[in-house]
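Visitor: All letters in the sequence shown, in the order written, are residues 4 to 137 by our numbering.
Yeah, the Cβ is synthetic: ideal placement off N, Cα and C, and Gly gets one too.
First the structure, which I've put down as C-alpha cells, then a few questions once you've had a look.
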Amino acid sequence: MSGNGHSNGTGRKPAARNVLGGKLKECSRAPLTGFFRDGCCDTGPDDHGVHVVCTMVTAEFLSFSKATGNDLSTPAPQFGFAGLQPGDRWCVCAARWKEALDAGKAAPVDLEATHEGALQYMTLSELKAHAIAD
4 MSGNGHSNGT
14 GRKPAARNVL
24 GGKLKECSRA
34 PLTGFFRDGC
44 CDTGPDDHGV
54 HVVCTMVTAE
64 FLSFSKATGN
74 DLSTPAPQFG
84 FAGLQPGDRW
94 CVCAARWKEA
104 LDAGKAAPVD
114 LEATHEGALQ
124 YMTLSELKAH
134 AIAD
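Structure, rendered in C-alpha cells:
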C-alpha cells in the first residue's frame, strides 16, 4: 500500500475504498500508474490532480486529453513515461475525466479500481454508465 499521509489513529493508513464501497483494486502495473506509482488510483494531500479514476484509455480520450493540455500519448523518457496507447489502463485526474464526460469523450472506467474520491467530481451513475464490462 502507498503511504499517503492519512492515518486512522493507529499510525497505519486506512485501506483505500473504491466508488462501490469495497477495497480499492489495482488499476495497472504495465504501464505502472497511480499518483504513488504503485498501480492503484489512491490519492493523498500531495495529489493536486486527484488521479483517482481508473480508465481504459481510448484513442478518442487520448486525443481529447492532448487537445485540452494533458498529452498522455507522447513518450517522455526523461520521466520514464513511454506514452499511453489505446487499451492501456491509467489513473486519470477526476476533473479531466469529468471534462471528457461532458464533451462526450469519456474513457471506460474500472469501478473497483476507481477511488471513492472520484465521487466528489461526478456521480456514481455517471461512472456506472461508462463502466468496463466484466
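Go through its chain and collect everything with a Cβ distance to residue 104's Cβ below 8 Å, but skip five positions before and after it.
Guide: For residue 104, where only same-chain residues beyond five positions count, the Cβ hits under 8 Å are 125, 129, 133.
Visitor: Contact defined as beta carbons within less than 8 Å: I believe residue 37 pairs with residue 43. What is the distance between those atoms, to the nearest angstrom?
Guide: Right, their Cβ atoms sit about 5 Å apart.
Visitor: So the candidates are 112, 40, 120; which of them puts its Cα closest to the Cα of residue 57?
Guide: Checked all of 112, 40, 120; the closest Cα to residue 57 is 112.
Visitor: Sort out for me which residues DSSP pairs residue 82 with in a bridge.
Guide: DSSP lists no partner for residue 82.
Visitor: According to DSSP, simplified to helix, strand and coil, what is residue 40?
Guide: In the structure shown, residue 40 sits in coil (DSSP, three-state: anything other than H, G, I, E or B).
Visitor: Kindly indicate the opening and closing residues of the beta strand (DSSP E) around residue 20.
Guide: No beta strand (DSSP E) contains residue 20, which DSSP labels as neither H nor E.
Visitor: Is residue 101 helix, strand or coil when you go by DSSP?
Guide: It is helical.
Visitor: Where residue 73 and residue 17 are concerned, what is the direct C-alpha to C-alpha distance, given to the nearest angstrom?
Guide: Rounded to the nearest angstrom, the two C-alpha atoms are 31 Å apart.
Visitor: List the whole-angstrom C-beta distance separating residue 99 from residue 68, where the pair is believed to meet the contact cut-off of C-beta under 8 Å.
Guide: Confirmed, Cβ separation roughly 6 Å.
Visitor: Expressed to the nearest angstrom, what Euclidean distance is found between the alpha-carbon atoms of residue 59 and residue 24?
Guide: Their Cα atoms are separated by approximately 21 Å.
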